[in-house]
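Residue numbers (the working numbering), protein chains in the order written: chain A, 67 to 275; chain B, 649 to 1187.
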């Protein structure tokens, strides 16, 4: 058997490939969209069946809080986009600070969400509570879907915050530079998705009549 | 850039358990999948044989009705989620996709390892229902609401297992898509890829775009069991039909996750053993995509009898018939490939031919179920059971075994005893058809599925069917025994290219070195099956 010693394949899966990482992230985002897509279908079906009840229940939600949270998330999407531009230009300090701003926005969002949720739970609107059980079926479904969908979204916010934390850590350690910033870009993509889903959740639950 | 060894083969490179279960080498991960898959497959087969034993005679022979329900549910969960869905992509896709593309690994090697770990965790969760909690679910693998919301058995754990396994499937699909886009060897355009890669490409898209729907649906089942809110249970305001829709939006495309990779295998086997280029390369490649695409819009045909508007049924039925077109395109092209080929009959080719025969029966019986009038009669009868076993086992299962025999010499660098392999094939073929063909007849006679008992008039087909299961079991044992014996004892070294194939995996050593190639792979001039300008392969 002859061995061409030292032969190295040019197209190795172990090479660094920023395009591949980004493509992987985009594909993963598709799956996230479909995960929520299933819930949107359920929401649509039950909204059509229980139109009145859903409308009535939606008045219970606090539009002001929801609007503030929407603004917070939109701003955070901007800061993370700016952070990517900063790292592309090699301004590591600015990039990290903008990531901190994004992280802060995530925390603000969760705090507001916490107050919103606890006021609903205080009113007995969580599935299983006495008042909830006494609600008509349609209204019960509304709050059930509200908790399910915003809960799943909140889980994504937490995951996103952890990812941003990792990016901050790695940027500070010098592992993310103006040459290789795919990590920041992918974190940004993920964060935009979390933002985008909220853009749909907000009108579905708070606004439409 | 990490330089991988070209001197040592992947089996020699490192030793010890940890070098396997934490390996990021796609070849080792493929074997991890293979060993775990076969183990679960054998558990599933055992459960299947138990069911057939119970059905040997009318009345209660062996198990209680509830136990029987649990057995067929676990049989379904294991065979679908632990065996068939991962089978060909996770084992042969993992092993051969990078080699066929002329690269040394998938795009995300660590993610690949993670998917195996997720798979194992999911598998442990699914099997844990045997031991812990209130016994395995008794709902059928479809977990139809409202029963799945109400039953006292351990549905939650089974459902969570399916959810976790879905993640594994998604990550594998994601990895393959990126690998195919990014890591093809220089000169290999999309239309010069082997058809197995095309099949995996189409499959991966389905895995990616369909699996999340089942994930979230199963989560809703779990939440409904916890909070008792009626999403799907009609007695508390839910809509069970909605569950069925959501379930089949994934689970029908999942049928193509199971079938498409098998089509890819057959498209590899036939040109190699007919020594000629595949007939209709583009037609086969694009029909995979067409099947994947149309396959999304036909889920409703599982629900013709469960409440759907006439228009809905009509549309779903037409779309179902449409899928038959790209599928038939493939079958015609395969048969045309054999025409005037120089056919070398070896064990893998036998499996491929059996695939075409059995898959055709599975496909045609599928049309009877897709037609509205006949479906009313056949729905929920043994005809359906026969139909999908012809597609899944007679199709994908046989393609899996064919692939195992085709690539065995490449994976382990050893050759099995061909005579024993052919005998085992014959037993499997006879056993399979004896087992499942009577089911089609019993179904036409009106025997319903999912019961542990039946009326005396169905005795004959059931008896024949159970005999068939014994022949099949003997065939399986002989086949696996032959391969295991070859693995340990065979002195027969097959060299690089025992079958005369020309896709890239045959240009490297058997077993392949860690880097997959010890020299630059050479592409045939006109596409992957160009036997007229085939590259000369030196040992």
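Backbone N, C-alpha and C fix where the C-beta goes; we use that ideal spot for every residue, glycine too.
Put simply, the CB of residue 155 of chain A is far from chain B, with every gap to its CB atoms at 8 Å or more. The secondary-structure analysis by DSSP pairs residue 657 of chain B across a beta bridge with B/1161. Scanning B/920, B/1141, B/972, B/1055 for the CA closest to the CA of residue 742 of chain B turns up B/1055. The beta carbons of residue 774 of chain B and residue 681 of chain B sit no closer together than 8 Å. In its chain, beyond the 5 residues on either side, 193 have a beta carbon closer than 7 Å to the beta carbon of residue 210 of chain A. Using beta-carbon distances, residue 111 of chain A counts as an interface residue toward chain B, with a partner under 8 Å.
DSSP, read as helix, strand or coil, puts residue 706 of chain B in coil. Judged by DSSP in its simplified three-state form, residue 985 of chain B adopts helix. Across the set B/925, B/996, B/1003, B/748, the C-alpha of B/996 shows the shortest separation from the C-alpha of residue 1067 of chain B. Around the beta carbon of residue 1163 of chain B, 16 or more other beta carbons lie within 10 angstroms, which makes this residue buried. Under the DSSP assignment, residue 728 of chain B falls outside any alpha helix (DSSP H); it carries neither an H nor an E label. Between residue 786 of chain B and residue 840 of chain B, the gap from beta carbon to beta carbon reaches 8 Å or more.
Less than 8 Å separates the beta-carbon of residue 97 of chain A from that of residue 860 of chain B. In the same chain as residue 172 of chain A, and ignoring 5 residues on each side of it, the C-beta atoms closer than 6 Å to its own belong to 223, 227, in chain order.
When B/1128, B/1013, B/1150 are compared, the shortest CA-CA separation from residue 689 of chain B is found for B/1128.
Around the beta-carbon of residue 1087 of chain B, 16 or more other beta-carbon atoms lie within 10 Å, marking it buried. Using a Cβ distance threshold of 8 Å, residue 735 of chain B and residue 685 of chain B count as a contacting pair.
Listed along chain A, the residues sitting closer than 9 Å to residue 1163 of chain B by beta-carbon distance are 73, 74, 75, 78.
Residues of the same chain with a CB within less than 6 Å of the CB of residue 751 of chain B, apart from the 5 flanking positions on each side, are 831 in chain order. A residue is called buried once 16 or more other Cβ atoms fall within 10 Å of its Cβ, and residue 834 of chain B, having fewer, is exposed. Counting every other CB atom within 10 Å of its CB across the protein chains shown gives residue 676 of chain B a total of 16 or more, marking it as buried. Beyond the five residues adjoining it in sequence on each side, residue 274 of chain A comes within less than 8 Å, by CB distance, of 124 in the same chain, given in chain order. Between residue 878 of chain B and chain A, the shortest Cβ-Cβ separation is below 8 Å. Contact between residue 862 of chain B and residue 898 of chain B holds, with the beta-carbon distance rounding to 4 Å and staying under 8 Å.
Those residues of the segment 230 to 248 of chain A placed with their C-beta closer than 8 Å to a C-beta in chain B do not exist. Neighbourhood of residue 875 of chain B in chain A, by CB distance below 8 Å: 193, 194, 210, in chain order. At a C-beta separation below 7 Å, residue 676 of chain B has no neighbours in chain A, since its nearest C-beta there lies roughly 14 Å away. Ranked by how close their Cα comes to the Cα of residue 697 of chain B, the residues B/894, B/879, B/1120 have B/1120 in first place. Using a CB distance below 9 Å, the part of the segment 819 to 844 of chain B facing chain A consists of 819, 821, 822, 823, 825, 826, 827, 829, 830, 831, 832, 833, 834, ordered along the chain.
Against chain B, the CB of residue 205 of chain A has no partner CB under 8 Å away; the residue lies outside that interface. The Cβ atoms of residue 932 of chain B and residue 915 of chain B sit closer than 8 Å to each other. Cβ proximity to chain B below 7 Å picks out 83, 85, 86, 89, 90, 93, 94, 96, 97 from the segment 82 to 97 of chain A.
Per DSSP, the beta-bridge partners of residue 1096 of chain B are B/1029. Look at the segment 259 to 274 of chain A: it has no residue with a C-beta under 9 Å from a C-beta of chain B.
Secondary structure of residue 694 of chain B (DSSP, three-state): helix. For the pair residue 798 of chain B and residue 872 of chain B, the Cα-to-Cα distance works out to about 10 Å.
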